[in-house]
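Undergrad: Convert by adding 6 to the 1-based position in the sequence shown; the result is the number in my numbering. Below: one structure in structure tokens.
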Amino acid sequence: MAARTIRPPAVSGLFYPASARSLQATLAAHFARATPASLPAAPKALIVPHAGYDYSGIVAASGYNQLTPFASRIRRVVLFGPAHRVPLLGLALPQASAFRTPLGDVPLDMHAWNEALKLPQVEVSDRAHELEHSLEVQLPFLQSILPSFTLVPFVVGWTDPAHVARVMEALWDGPETLILVSSDLSHYHPYDEARALDQATIERILQGDATITPDDACGAIAIDGLLLAARRRQLQPHVIAYCNSGDTFGDRDRVVGYTSIAFTEEVRHGAEAIH
């Protein structure tokens, strides 16, 4: 097996600022404008977007704000993001021992790495991780909120959502572990059409409908896997924020949708919806 390395940033200066000072200022601005913490319990799982920070940063920050009251207890993040650059069957871990951002290095949980590799749907592929942004863009947000944490990063390719759910449940553990799914919503529809499509997708997520497709959300397979696991664990979903790129940074002819949805471990009293 190849020697372990540090996975360097691939999209700093593109999706987010390359300097630590500029990145910290950008994050602080997004957190200040984001939805504040409001959940009745600690999030066990989050769905957050992964576009450039100018586009989806406030929606992502709204999701991450929900971790603030509970940040000291979260010590491990199990992260799932869709493959954008490399064709992939199953799920891929990197060979790296840490991921680097302008804010520092995030170490991988090597015990969890080894446990996940016991599952047949998980392989090691540095190529799948090399240029993938869906995982990387989440790390500066996490570094801003959590005092210290390790990472278990999965690029998710074409696979059965039940296989993703199996990985999640294998690494579920207690309140020290956060399950994180990186996904945008609809892509390149006109503004009003996109809002209608995204509202329908969000409603399906709130109802636990694990048949979301890549046309609905680019991280659909991981979302469906989370919904399968959430159903078994009786998690309750909470919509934290929604917008699309027509609201933030771009024209309204071809937009991309973004949402943050948190899942808490409590008895479900009814679905919530955006208005």
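Where is the CB? At the ideal position from N, CA and C, for every residue including glycine. Computed from a prediction, not measured in an experiment: that's the story for all the values here.
Taking the beta carbon of K124 as the centre, do at least 16 other beta carbons fall within 10 Å, making it buried, or is it exposed?
TA: By the neighbour-count rule (16 or more Cβ atoms within 10 Å), K124 is not buried but exposed.
Undergrad: With 9 angstroms set as the bound, which would you pick, yes or no: does the beta-carbon of A268 sit closer than that to a beta-carbon of chain B?
TA: The structure shown contains no chain B; it is built from a single protein chain.
Undergrad: Counting only the same chain and skipping the five closest in sequence on each side, list residues whose C-beta sits under 8 angstroms from that of D179.
TA: For D179, where only same-chain residues beyond five positions count, the Cβ hits under 8 angstroms are R82.
Undergrad: Let me know the secondary structure DSSP gives H90 once reduced to three states.
TA: Correct three-state label for H90: coil.
Undergrad: Could you tell me whether the Cβ atoms of D111 and F255 are closer together than 9 angstroms?
TA: Cβ atoms of D111 and F255: not closer than 9 angstroms.
Undergrad: From G225 to T265, what distance separates their C-alpha atoms?
TA: Approximately 12 angstroms between the Cα atoms of the pair.
Undergrad: Quick check on H117: does DSSP put it in helix, strand or coil?
TA: Helix.
Undergrad: Using a threshold of 9 angstroms, state whether the C-beta atoms of P49 and L184 are closer than that.
TA: Cβ atoms of P49 and L184: closer than 9 angstroms.
Undergrad: Who are the near neighbours of T156 in its chain, counting only those whose CB is closer than 6 angstroms to its CB and skipping five residues on each side?
TA: Hits under 6 angstroms: R82, P113 and D115.
Undergrad: Helix or strand or just coil, what does DSSP make of E182?
TA: E182: coil per DSSP, three-state reduction.
Undergrad: Quick check: what's the CA-CA separation for S44 versus A247?
TA: Approximately 12 angstroms between the Cα atoms of the pair.
Undergrad: If you run the structure through DSSP and keep just helix, strand and coil, what is P243?
TA: Of the three classes helix, strand and coil, the one that applies to P243 here is strand, per DSSP.
Undergrad: Are the CB atoms of F21 and H193 nearer to each other than 9 angstroms?
TA: Contact flag unset, no.
Undergrad: Around the Cβ of H117, are there at least 16 other Cβ atoms within 10 angstroms (buried) or fewer (exposed)?
TA: Burial call: exposed.
Undergrad: Look at the Cβ atom of L234, then the Cβ atom of F269, and state whether they are nearer than 9 angstroms.
TA: Taking 9 angstroms as the Cβ cut-off, L234 and F269 do not qualify as a contacting pair.
Undergrad: Are there three or more Cβ pairs, one per stretch, closer than 8 angstroms when the segment 152 to 167 is compared with the segment 189 to 205?
TA: Too few Cβ pairs lie closer than 8 angstroms, so no.
Undergrad: Is any heavy atom in the ligand GDP found nearer than 8 angstroms to the beta carbon of I227?
TA: Ligands displayed in this structure: none; no statement on the ligand GDP is therefore possible.
Undergrad: If we ignore side chains and look at the alpha-carbon of each, how far apart do A34 and N250 end up?
TA: Computed Cα separation, rounded: 21 angstroms.
Undergrad: Based on the DSSP secondary-structure assignment, which residues constitute the bridge partners of Y264?
TA: DSSP output for Y264 lists C249 as bridge partner(s).
Undergrad: Using a Cβ-Cβ cut-off of 6 angstroms (strictly less than) and excluding sequence neighbours within five positions of A200, which residues of its own chain qualify?
TA: Once the five neighbours on either side are set aside, the close Cβ partners of A200 are S192, N250, V261 and G263.
Undergrad: Identify, in the order they occur along the chain, each residue of the same chain with its Cβ nearer than 6 angstroms to the Cβ of G63, setting aside the five sequence neighbours on each side.
TA: If we look at G63 and ignore the five residues flanking it on each side, its Cβ neighbours are H36.
Undergrad: Mapping the DSSP letters down to three states, classify I229 as helix, strand or coil.
TA: Helix.
Undergrad: Based on the DSSP output, what are the partners of T41 in its beta bridges?
TA: None, per the DSSP bridge assignment.
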